[in-house]
Every structure is written in structure tokens, then in C-alpha cells.
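Here the structure comes first, spelled out in C-alpha cells, and everything after it is commentary.
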Amino acid sequence: LLDTNQMADIRAEFEKEEDGLALNNFVRVMLKYLSTETVNTQHLVASLCELFAQVDVNGDATMEWDEFYGYIHEQGMGSQDLGGGSMMKYQAKGEWEDRSLPKKAETVTYYAGTDWVGVCEHN
């Protein structure tokens, strides 16, 4: 869960980087502000990586505040949809849309134990 009372702090983290947050910094920032008490950290990190890929609409491998903020409102996670509370929960979409620039997949690996698919791309 993400406490919306911390949005100003999260925005400040985004704005420390002029070009937006790279994936590793995005994951670091989100782990700092998300409530992780009841979730598996590895699964959360994998979900954050998936979220990053969905939100990076311009495909520049960084996430700007506008992309992040626009996404959470588009998905109905904005503060006006919280019923008076200050917590919001990420809800995964049933299908993933790759909005990045076209790339050539070099390998695709299925990890049966986690039901995840890994893709190695070439620019």
C-alpha cells in the first residue's frame, strides 16, 4: 500500500533526478514509501519492474513524475478515489501493453516456479 500523504516526498525523490528515475532508483524509492509488511519483497520488486515498464510511456528507460502521477490517476488510484482514506493499493492489469520503442527480443525464458517470463532485448 502507498500512503498518499507521502506523495510530496515521492515527488521530491523523482525531481532529484533531472531526467527521471532509472529502474533501480524507481524500485528503491517505491520500497522506501510502500508498506511492505505483508508482501514478499521479491514479488514486490518484480511487480515494480513490471509497473515501470507499463508506466514508461515514452520508452526512454526512465520514469518522470508526470508519467508516474498520470498512471496512478489513470488507473483510479488517485486520492479522490480513496473514499476519504489516504492509502492506495496497486492493482495489476490483466494484460500488459508494451509502450516502449520497438526492440528485438533475443531470448525469452519461462520460470515455472514463479510463473514469470523473462525477455532479453536488443536495441
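So the number in our numbering is just where the residue sits in the sequence shown, counting from 1, plus 47.
The C-beta atom is built at its ideal place from N, Cα and C for all residues, glycine as well.
Please read all numbers here as calculations on a predicted model, not as lab measurements.
- In the DSSP assignment, lysine 63 falls outside any alpha helix (DSSP H) and carries neither an H nor an E.
- Membership of alanine 100 in the alpha helix (DSSP H) is indicated by the continuous run 88-102.
- Cβ-Cβ distances below 8 angstroms link threonine 109 to Glu64, Asp66, Gly67, Leu68, Ala69 and Asp103 in the same chain, with the five nearest sequence neighbours on each side left out; the list follows chain order.
- Distance from the CA atom of leucine 91 to the CA atom of isoleucine 57, rounded to whole angstroms, is 18 angstroms.
- Straight-line spacing of the CA atoms in glutamate 62 and glutamate 121 works out to 21 angstroms.
- The residues Leu91, in chain order, have a CB closer than 7 angstroms to that of threonine 83 in the same chain once the five nearest residues on each side in sequence are set aside.
- Here DSSP, grouped into helix, strand and coil, assigns glutamate 111 to coil.
- Per DSSP, the unbroken alpha helix (DSSP H) holding asparagine 71 starts and ends at 70-80.
- Under a 10 Å Cβ-count criterion, valine 86 is classified as exposed, with fewer than 16 other Cβ atoms of the shown protein chains found around its own Cβ.
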